[in-house]
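Residue numbers (the numbering used here): 341 to 550.
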């Protein structure tokens with residue numbers, strides 16, 4: 341049984357988008373080298389001042405992947421988690437524009453703008469996950485790495501298109517890559533291995549498995 345991580349921080353990520361509001365640029369003329377350096381320093385200060393739940397805590401570590409190999413059957417397939425049928429009963433786990441019937445028949449997206457370049461998905465993770473929950477995420481990520489050519493890679497501070505994994509509001513994701521921050525919400529009731537695999541399937545560009 342993995343030891344749970346306890347934290348006094350709020351256990352939700354509902355306000356993470358508020359932290360992404362752009363900084364108002366200086367109103368004076370910015371022509372001199374000195375002013376350019378000042379703007380650069382302001383930008384670095386802004387990026388470093390973002391809350392951890394925006395840039396995410398540290399990415400998955402070797403510790404998380406090692407813990408993933410120790411998960412028991414009950415920890416992987418949590419009987420208390422919501423089933424996919426329950427998740428979709430009142431609200432679809434797919435967010436964003438409604439897909440056309442043609443796309444649903446095809447199941448996967450083919451629009452280049454919605455595909456992740458080179459199969460790499462930059463990501464950041466909320467600090468509100470326990471060690472056990474991070475191990476579940478690591479287990480799912482490893483499955484994708486082992487079975488597909490896709491790679492979930494830690495997001496750098498200068499990547500504008502990336503995946504944010506957090507406890508936002510239930511279980512959902514948009515399908516394929518979006519412009520800017522793409523949210524994969526895995527709340528407390530969603531943290532079960534097969535559910536995580538399913539929601540990540542939407543992230544990489546599929547609607548629903550058959």
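Ideal Cβ placement from N, Cα and C applies to all residues, glycine included. Note that the structure is predicted; figures quoted are calculated from it, not measured.
Suppose you measure from the CA of residue 515 to the CA of residue 412; what does that come to, to the nearest Å?
The residue you call residue 515 lines up with position 175 of the chain shown. The residue you call residue 412 lines up with position 72 of the chain shown. So the two alpha carbons sit approximately 30 Å from each other.
So, for residue 454: in the same chain, excluding its five sequence neighbours on each side, which residues have a beta-carbon less than 7 Å away from its beta-carbon?
One-based indexing of the chain shown puts residue 454 at position 114. 516, 517 and 545.
Residue 530 by DSSP, collapsed to three states: which one?
Here the question's residue 530 lines up with position 190 in the chain shown. It is helical.
Whole angstroms are fine: how far does the CA of residue 409 sit from the CA of residue 482?
Position 142 of the chain shown, counting from 1, holds the residue named residue 482. Position 69 of the chain shown, counting from 1, holds the residue named residue 409. Cα-Cα distance, rounded: 10 Å.
Among 532, 537 and 519, whose alpha-carbon lies nearest the alpha-carbon of residue 452?
By one-based count along the chain shown, residue 452 stands at place 112. The candidate whose alpha carbon is nearest that of residue 452 is 519.
Run through DSSP, which three-state label would residue 405 get?
In the chain shown, the residue the question calls residue 405 occupies position 65. Residue state, collapsed to three classes: helix.
In angstroms with no decimal places, state the Cα-to-Cα distance between residue 479 and residue 403.
Position 139 of the chain shown, counting from 1, holds the residue named residue 479. Position 63 of the chain shown, counting from 1, holds the residue named residue 403. Distance between the alpha carbons of residue 479 and residue 403: 12 Å.
The alpha helix (DSSP H) that contains residue 487, what's its start and end?
Here residue 487 is taken as the residue at index 147 of the chain shown, counted from 1. Counting along the chain, the alpha helix (DSSP H) containing residue 487 begins and ends at 471 to 487.
Pick from 493, 401, 472 and 460: whose alpha carbon is nearest that of residue 554?
Residue 554 is absent from the model: the chain starts at 341 and stops at 550.
Could you have a look at residue 524 and say whether DSSP puts it in helix, strand or coil?
Position 184 of the chain shown holds residue 524. Strand.
With burial defined as no fewer than 16 other Cβ atoms inside 10 Å of the residue's Cβ, what is the status of residue 533: buried or exposed?
Indexing the chain shown from 1 puts residue 533 at position 193. The residue in question, residue 533, is buried, as its Cβ has 16 or more Cβ neighbours within 10 Å.
According to DSSP, is residue 544 helix, strand or coil?
As a first step, residue 544 must be located in the chain shown, where it is residue number 204. Residue 544: helix per DSSP, three-state reduction.
Measuring only the C-alpha atoms, how far is residue 464 from residue 491?
For this step, residue 464 is matched to residue 124 along the chain shown. For this step, residue 491 is matched to residue 151 along the chain shown. Straight-line Cα distance between these residues: approximately 13 Å.
Based on the DSSP output, what are the partners of residue 491 in its beta bridges?
What you label residue 491 is simply residue 151 of the chain shown in a count that begins at 1. DSSP, once it has assigned bridges, lists 460 as partnering residue 491.
So residue 505 and residue 477 are supposed to be a Cβ contact under 8 Å. How far apart are they, rounded?
Numbered from 1 along the chain shown, position 165 holds the residue referred to as residue 505. Numbered from 1 along the chain shown, position 137 holds the residue referred to as residue 477. With a Cβ gap of about 7 Å, residue 505 and residue 477 count as contacting.
Residue 416 lies in the alpha helix (DSSP H); which residues open and close that run?
For the purposes of this step, residue 416 is taken as the residue at position 76 of the chain shown. First-last of the alpha helix (DSSP H) with residue 416: 413 to 416.
Please classify residue 462: is it buried, with 16 or more other beta-carbons within 10 angstroms of its beta-carbon, or exposed?
Here residue 462 corresponds to residue number 122 of the chain shown, with the count starting at 1. Buried.
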